[in-house]
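**Student:** Chains as they are written, first to last, in our numbering: chain L, 1 to 300; chain G, 301 to 600.
Just so you know, even glycine gets a beta-carbon here, dropped at the ideal spot from N, CA and C.
None of these values were measured; they are calculated from a predicted model.
Right, I'll just put the structure down here and ask away after.
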């Protein structure tokens with residue numbers, strides 16, 4: 001097992017960080033800012049499962065694995081601290097190409113890749129663990145939605161699924177395909193929402209329907225949607241059940257306050273798509289019931 | 301991608317930890333103890349590469365992946381804080397069995413498994429990222445060995461390689477096989493060495509010869525060994541080039557001080573096996589030169 005010893009951007013650590021020591025058994029990071037907590041997650045991308053390498057390149061696989069983990073940090077409202085990655089490759093696959101995508105994402109989102117390891121395997125796999133920090137007690141969680149809260153998303157949905165559809169149809173460029181190849185975590189949106197006292201959030205990695213259902217179960221609430229904002233060129237079905245857009249679900253009792261905080265931060269206005277329902281069984285779209293499984297519409 | 305939401309032992313966090321929040325996009329851990337740094341690493345175990353599943357079971361695969369990462373913490377002298385794991389399994393493999401081994405190791409070494417994810421793939425893979433803490437500036441590194449320092453190992457070597465040999469020969473029980481199936485990280489030894497002012501260390505995951513060569517390169521020094529302590533039942537070759545014993549290499553200018561610290565902590569006495577050499581090209585065993593590649597003896 002070779003060690004990865006890469007530092008993409010010391011600047012990403014910010015002034016609070018002290019020593020960064022690399023190329024050892026483990027990376028040593030600076031002390032956390034005072035009164036801050038550590039946030040920790042991991043996400044794996046498997047070639048052929050999470051990415052079709054006939055349509056995406058190895059650097060895309062690395063980028064997407066980094067973004068999946070960074071998006072988990074965004075969903076908690078955390079500031080990124082550092083990534084480690086384990087890269088597994090079959091003999092015909094160059095791990096450097098995957099690493100290049102990881103390093104690009106690490107630089108783009110100011111979260112240095114500080115270590116990891118390289119192994120052989122029969123299938124390309126990239127697993128990225130991410131650490132972040134946030135002020136103690138301020139994490140946005142899945143289990144804190146309350147009846148009457150407004151449900152927001154940080155942007156229109158379905159671009160990644162539409163991009164995959166276009167790639168499969170033979171197209172090779174354009175915004176939708178870029179959204180599929182190189183999704184972006186909503187780190188600033190997550191931090192601004194947390195600072196605006198949002199305490200319930202989740203990233204949309206598996207589709208709005210499935211992920212909102214998970215959030216509702218965690219909070220023992222239902223939900224009613226009155227809008228499914230589809231990205232330009234995406235179908236409503238892609239917006240509802242396509243994954244990997246990495247927009248955030250933000251649940252807030254103070255819709256006006258959240259809008260003002262986003263405007264003050266210069267961020268695109270969040271989109272209000274529905275309301276939290278007191279009945280934990282409620283799964284409504286424009287008054288009609290739909291099933292959680294695949295989120296096909298049903299007459300309620 | 302299902303999320304892993306397991307807490308193996310809150311006690312592992314120690315009194316310094318605050319809130320632990322699980323089952324979300326990421327785990328939220330307590331603030332670090334004051335003046336402490338964060339240590340971060342990851343290690344992957346791939347079925348068929350790092351473990352032969354004809355000889356080991358899936359729980360062993362999980363245990364060994366956790367230990368590989370915990371051993372990296374031990375080598376830095378860090379206290380374990382938390383693990384996250386990504387588990388990838390083919391359709392015929394039950395991820396719960398791998399998780400069971402991960403959870404057993406997490407409990408055995410007081411480092412809670414706080415999250416991760418489950419994915420499908422063509423080959424079983426377990427990737428474990430570990431976080432730990434240590435007092436700022438005290439990390440044991442690979443690049444700080446100085447000529448004249450004593451080279452110690454925390455125990456006799458080759459047990460894991462000997463156990464694998466016995467397993468391949470059809471045996472199924474005994475201490476050597478247990479050493480291969482269920483290696484143990486030397487967390488206490490690492491912490492005691494760090495407290496005794498050792499500043500250079502590394503874990504032996506790929507064999508004494510290969511790992512000591514890496515440490516010497518990182519420190520721009522050579523080494524001279526006068527002993528290869530083999531575990532009872534292991535050959536000298538297994539002790540020199542067998543991996544996965546996870547004993548620690550400890551490099552100290554104060555051999556007596558290190559021995560006293562281990563005795564005071566009730567630990568088995570560390571074994572002095574050689575000395576750091578001022579010539580970066582020196583690779584000597586009992587006065588004879590040997591090549592770094594595979595560590596076969598040569599007349600010097």
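To be precise: take each residue of the segment 489 to 513 of chain G, compare its Cβ to all Cβ atoms of chain L, and keep it if any distance is under 9 Å. Which residues remain?
**Tutor:** For the segment 489 to 513 of chain G, which is checked against every Cβ of chain L, the residues closer than 9 Å are 501, 502, 503, 505 and 506.
**Student:** If we count the other Cβ atoms within 10 Å of its Cβ and call it buried at 16 or more, is residue 380 of chain G buried or exposed?
**Tutor:** Taking the first residue of the second chain as position 1, residue 380 of chain G is located at position 80. Buried: at least 16 other Cβ atoms inside 10 Å.
**Student:** Give the interface partners of residue 431 of chain G over in chain L, defined as CB-CB distance under 8 Å, in chain order.
**Tutor:** Position 131 of the second chain, counted from the first residue, corresponds to residue 431 of chain G. Those within 8 Å of residue 431 of chain G in chain L are 38, 40 and 131.
**Student:** Which whole-angstrom value describes the C-beta separation of residue 41 of chain L and residue 326 of chain G, a residue pair presumed to lie in contact below a C-beta threshold of 8 Å?
**Tutor:** Here residue 41 of chain L is taken as the residue at index 41 of the first chain, counted from 1. Here residue 326 of chain G is taken as the residue at index 26 of the second chain, counted from 1. Confirmed, Cβ separation roughly 3 Å.
**Student:** Does the CB of residue 421 of chain G have a neighbour CB from chain L at under 7 Å?
**Tutor:** If you number the second chain from 1, residue 421 of chain G lands on position 121. So yes, residue 421 of chain G belongs to the interface.
**Student:** Is residue 234 of chain L helix, strand or coil when you go by DSSP?
**Tutor:** The count along the first chain starts at 1 and reaches residue 234 of chain L at position 234. Reduced to three states, the DSSP call for residue 234 of chain L is coil.
**Student:** Could you round the C-beta distance between residue 224 of chain L and residue 157 of chain L to whole angstroms and report it? I think they count as a contact, below 8 Å.
**Tutor:** Locating residue 224 of chain L in the first chain gives position 224, where the first residue counts as 1. Locating residue 157 of chain L in the first chain gives position 157, where the first residue counts as 1. Actually they do not touch by this definition, with Cβ atoms about 17 Å apart.
**Student:** Given this structure, state the Cα-to-Cα distance separating residue 30 of chain L from residue 207 of chain L, to the nearest angstrom.
**Tutor:** Sequence index remark: in the first chain, residue 30 of chain L carries index 30 (1-based). Sequence index remark: in the first chain, residue 207 of chain L carries index 207 (1-based). C-alpha separation (whole angstroms): 36 Å.
**Student:** Counting only runs that start and end within the segment 203 to 232 of chain L, where is the alpha helix (DSSP H) found for 4 or more residues in a row?
**Tutor:** Listed in chain order, the complete alpha helix (DSSP H) runs (minimum 4 residues) inside the segment 203 to 232 of chain L are 208 to 219.
**Student:** Rounded to a whole number of angstroms, what is the C-alpha to C-alpha distance between residue 260 of chain L and residue 271 of chain L?
**Tutor:** Within the first chain, the letter at position 260 stands for residue 260 of chain L. Within the first chain, the letter at position 271 stands for residue 271 of chain L. Answer to the nearest angstrom: the Cα atoms are 13 Å apart.
**Student:** Residue 380 of chain G versus chain L: which residues are under 7 Å apart at the beta carbon?
**Tutor:** Taking the first residue of the second chain as position 1, residue 380 of chain G is located at position 80. Here the premise fails: no neighbours, minimum Cβ distance about 11 Å.
**Student:** Quick check on residue 419 of chain G: does DSSP put it in helix, strand or coil?
**Tutor:** Taking the second chain and counting its residues from 1, one reaches residue 419 of chain G at position 119. Of the three classes helix, strand and coil, the one that applies to residue 419 of chain G here is strand, per DSSP.
**Student:** Which residues of chain L have a Cβ atom closer than 9 Å to the Cβ of residue 346 of chain G, listed in chain order?
**Tutor:** As a first step, residue 346 of chain G is located in the second chain; it is residue number 46 there, counting from the start. Neighbours of residue 346 of chain G on chain L, chain order: 88, 119, 120, 121, 122 and 125.
**Student:** Is the CB-CB distance between residue 282 of chain L and residue 250 of chain L below 7 Å?
**Tutor:** For this step, residue 282 of chain L is matched to residue 282 along the first chain. For this step, residue 250 of chain L is matched to residue 250 along the first chain. No, they are not a contact pair.
**Student:** Taking contact to mean 3 or more Cβ pairs, one atom from each stretch, closer than 8 Å, check whether the segment 107 to 125 of chain L and the segment 139 to 146 of chain L are in contact.
**Tutor:** No: the two stretches stay apart, fewer than three of their Cβ pairs being nearer than 8 Å.
**Student:** Please determine, among G:530, G:432 and G:356, the residue with the shortest C-alpha to C-alpha distance to residue 453 of chain G.
**Tutor:** Numbered from its first residue, the second chain carries residue 453 of chain G at position 153. Residue 453 of chain G has its Cα closest to that of G:530, out of G:530, G:432 and G:356.
**Student:** Roughly how many angstroms lie between the CA atoms of residue 600 of chain G and residue 591 of chain G, to the nearest whole one?
**Tutor:** Position 300 of the second chain, counted from the first residue, corresponds to residue 600 of chain G. Position 291 of the second chain, counted from the first residue, corresponds to residue 591 of chain G. For residue 600 of chain G, the predicted structure reports a pLDDT of 33, less than 50, and the residue's modelled location is therefore unreliable. The matter cannot be settled from this model.
**Student:** Relative to chain G, which residues along the segment 24 to 37 of chain L have a C-beta separation below 9 Å, given in chain order?
**Tutor:** So the close ones are 24, 25, 26, 27, 28, 29, 30, 31, 32, 34, 35, 36 and 37.
**Student:** Tell me which residues share the same chain as residue 311 of chain G and place their Cβ nearer than 8 Å to its Cβ, disregarding the 5 neighbours each side in the sequence.
**Tutor:** Within the second chain, the letter at position 11 stands for residue 311 of chain G. Low local confidence applies: a pLDDT of 32 at residue 311 of chain G is under 50, so the model's placement there is unreliable, and no value is given.
**Student:** Can you list, in chain order, the residues of the segment 357 to 375 of chain G whose Cβ is nearer than 7 Å to any Cβ on chain L?
**Tutor:** Per Cβ criterion, the list reads 372, 373 and 375.
**Student:** So, using beta-carbon positions, are residue 116 of chain L and residue 85 of chain L closer together than 7 Å?
**Tutor:** Here residue 116 of chain L refers to the residue found at position 116 of the first chain. Here residue 85 of chain L refers to the residue found at position 85 of the first chain. Yes, these two residues count as a Cβ contact at 7 Å.
**Student:** Looking at the secondary structure, which residues open and close the alpha helix (DSSP H) in which residue 255 of chain L lies?
**Tutor:** Taking the first residue of the first chain as 1, we reach residue 255 of chain L at position 255. Where residue 255 of chain L is concerned, the enclosing alpha helix (DSSP H) stretches over 255 to 264.
**Student:** Determine the contact status of residue 190 of chain L and residue 77 of chain L, defining contact as a CB-CB distance below 7 Å.
**Tutor:** If you number the first chain from 1, residue 190 of chain L lands on position 190. If you number the first chain from 1, residue 77 of chain L lands on position 77. Result yes, Cβ atoms of residue 190 of chain L and residue 77 of chain L sit closer than 7 Å.
**Student:** Please return the same chain residues whose Cβ sits closer than 8 Å to the Cβ of residue 558 of chain G, not counting the five positions on each side in sequence.
**Tutor:** What you label residue 558 of chain G is simply residue 258 of the second chain in a count that begins at 1. For residue 558 of chain G, where only same-chain residues beyond five positions count, the Cβ hits under 8 Å are 450, 452, 493, 496, 498, 550, 552 and 570.
**Student:** Report yes if the C-beta distance between residue 387 of chain G and residue 426 of chain G is below 7 Å; otherwise report no.
**Tutor:** Taking the first residue of the second chain as position 1, residue 387 of chain G is located at position 87. Taking the first residue of the second chain as position 1, residue 426 of chain G is located at position 126. Cβ atoms of residue 387 of chain G and residue 426 of chain G: closer than 7 Å.
**Student:** Rounded to the nearest angstrom, what separates residue 586 of chain G and residue 527 of chain G at their Cα positions?
**Tutor:** Taking the first residue of the second chain as position 1, residue 586 of chain G is located at position 286. Taking the first residue of the second chain as position 1, residue 527 of chain G is located at position 227. The alpha-carbon atoms of residue 586 of chain G and residue 527 of chain G are separated by roughly 7 Å.
**Student:** Just by C-beta distance, which residues in the segment 437 to 462 of chain G are closer than 9 Å to chain B?
**Tutor:** The chain labelled as chain B is not found among the protein chains of the depicted structure, namely L and G.
**Student:** Does DSSP put residue 583 of chain G in a helix, a strand or coil?
**Tutor:** What you label residue 583 of chain G is simply residue 283 of the second chain in a count that begins at 1. It is a strand residue.
**Student:** Quick one: what's got a C-beta closer than 8 Å to residue 94 of chain L's C-beta in the same chain, skipping five residues either side?
**Tutor:** Working through the first chain from its first residue, we reach residue 94 of chain L at position 94. Cβ neighbours of residue 94 of chain L beyond the five flanking positions: 58.
**Student:** Under three-state DSSP, which class holds residue 58 of chain L?
**Tutor:** Taking the first residue of the first chain as 1, we reach residue 58 of chain L at position 58. Of the three classes helix, strand and coil, the one that applies to residue 58 of chain L here is helix, per DSSP.
**Student:** Which first and last residues belong to the alpha helix (DSSP H) in which residue 575 of chain G is found?
**Tutor:** Looking up residue 575 of chain G in the second chain gives position 275. Taken as a continuous stretch (DSSP letters only), residue 575 of chain G belongs to no alpha helix (DSSP H), being part of the beta strand (DSSP E) at 571 to 577.
**Student:** Grab me the residues of residue 371 of chain G's own chain with a C-beta within less than 6 Å of its C-beta, minus the 5 sequence neighbours each way, in chain order.
**Tutor:** Counting from 1 along the second chain, the entry for residue 371 of chain G is found at position 71. Result list for residue 371 of chain G: 485, 503 and 546, in chain order.
**Student:** Could you tell me whether any Cβ in chain L is nearer than 7 Å to the Cβ of residue 401 of chain G?
**Tutor:** Here residue 401 of chain G is taken as the residue at index 101 of the second chain, counted from 1. Chain L contact via Cβ: absent.
**Student:** On the DSSP bridge list, what partners appear for residue 67 of chain L?
**Tutor:** Taking the first residue of the first chain as position 1, residue 67 of chain L is located at position 67. Residue 67 of chain L pairs with nothing; no bridge assigned.
**Student:** Reducing DSSP to helix, strand and coil, say where residue 17 of chain L ends up.
**Tutor:** Along the first chain, one-based indexing puts residue 17 of chain L at 17. Low local confidence applies: a pLDDT of 34 at residue 17 of chain L is under 50, so the model's placement there is unreliable, with the coordinate-based value given in what follows. Note: residue 17 of chain L maps to coil in three-state DSSP.
**Student:** Whose Cβ in chain L lies nearer than 7 Å to the Cβ of residue 414 of chain G?
**Tutor:** In the second chain, residue 414 of chain G corresponds to position 114, counting from 1. What residue 414 of chain G touches in chain L: 40.
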